[in-house]
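Numbering (UniProt numbering), first residue to last: 1 to 127. These notes concern the structure reproduced below.
Printed below as a string of structure tokens:
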């Protein structure tokens with residue numbers, strides 16, 4: 001009976017973790033395209049390619065982490081323990097996704113700042 005509950009837990013956890021990863025990724029990289037265009041001075045081809053590479057890395061890291069923490073252990077054969085374990089796993093994964101989101105935003109803002117500094121340096125050298 002415990003094996004069935006663990007399989008139920010996996011069948012709940014995996015779709016939620018994958019959906020959260022997909023949702024955060026689509027939101028981040030849809031809006032991140034604006035930063036990439038600014039960083040690469042409107043060159044849409046390189047901005048799009050770089051954004052896609054970041055998105056692929058984001059998926060690999062987060063899906064890999066979601067699978068890495070997949071293990072569920074039930075010491076008691078109860079649905080209460082299953083729900084508590086799932087809430088811990090999904091909550092922890094959500095916190096991890098939030099941290100990854102802010103790390104990516106940091107890189108977007110850092111890239112934007114560096115692009116602005118480079119433009120200002122070129123203006124100084126031209127003058």
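Ideal placement from N, C-alpha and C gives every residue a C-beta, glycine not left out.
Under 8 Å Cβ to Cβ from residue i, same chain only, skipping five residues before and after it: list those, please.
{"i": "residue 75", "result": "81"}
{"i": "residue 115", "result": "38, 39, 40 and 41"}
Measuring only the C-alpha atoms, how far is residue i from residue j?
{"i": "residue 101", "j": "residue 53", "result": "15 Å"}
{"i": "residue 28", "j": "residue 50", "result": "14 Å"}
{"i": "residue 95", "j": "residue 55", "result": "19 Å"}
{"i": "residue 73", "j": "residue 57", "result": "30 Å"}
{"i": "residue 88", "j": "residue 118", "result": "45 Å"}
{"i": "residue 5", "j": "residue 107", "result": "41 Å"}
{"i": "residue 43", "j": "residue 25", "result": "22 Å"}
{"i": "residue 120", "j": "residue 23", "result": "36 Å"}
{"i": "residue 2", "j": "residue 77", "result": "6 Å"}
{"i": "residue 61", "j": "residue 84", "result": "25 Å"}
{"i": "residue 125", "j": "residue 30", "result": "35 Å"}
{"i": "residue 92", "j": "residue 109", "result": "26 Å"}
What is the C-beta distance between residue i and residue j, in whole angstroms, given that I count them as a contact (C-beta under 8 Å)?
{"i": "residue 13", "j": "residue 105", "result": "Not a contact, Cβ separation roughly 26 Å."}
{"i": "residue 46", "j": "residue 112", "result": "Going by Cβ atoms, the distance from residue 46 to residue 112 rounds to 15 Å, so no, they are not a contact pair."}
{"i": "residue 90", "j": "residue 16", "result": "6 Å"}
Compare the beta carbon distance of residue i and residue j with 8 Å and say whether it is the shorter of the two.
{"i": "residue 97", "j": "residue 7", "result": "no"}
{"i": "residue 86", "j": "residue 9", "result": "yes"}
{"i": "residue 18", "j": "residue 63", "result": "yes"}
May I ask which residues mark the beginning and end of the alpha helix (DSSP H) holding residue i?
{"i": "residue 29", "result": "2 to 39"}
{"i": "residue 61", "result": "44 to 68"}
Near residue i, which residues of its chain fall below 6 Å by C-beta distance, leaving aside the five closest residues on each side in sequence?
{"i": "residue 36", "result": "47, 50 and 51"}
In its own chain, which residues sit with a C-beta less than 7 Å from the C-beta of residue i, not counting the 5 before and 5 after it?
{"i": "residue 59", "result": "21 and 25"}
{"i": "residue 65", "result": "96"}
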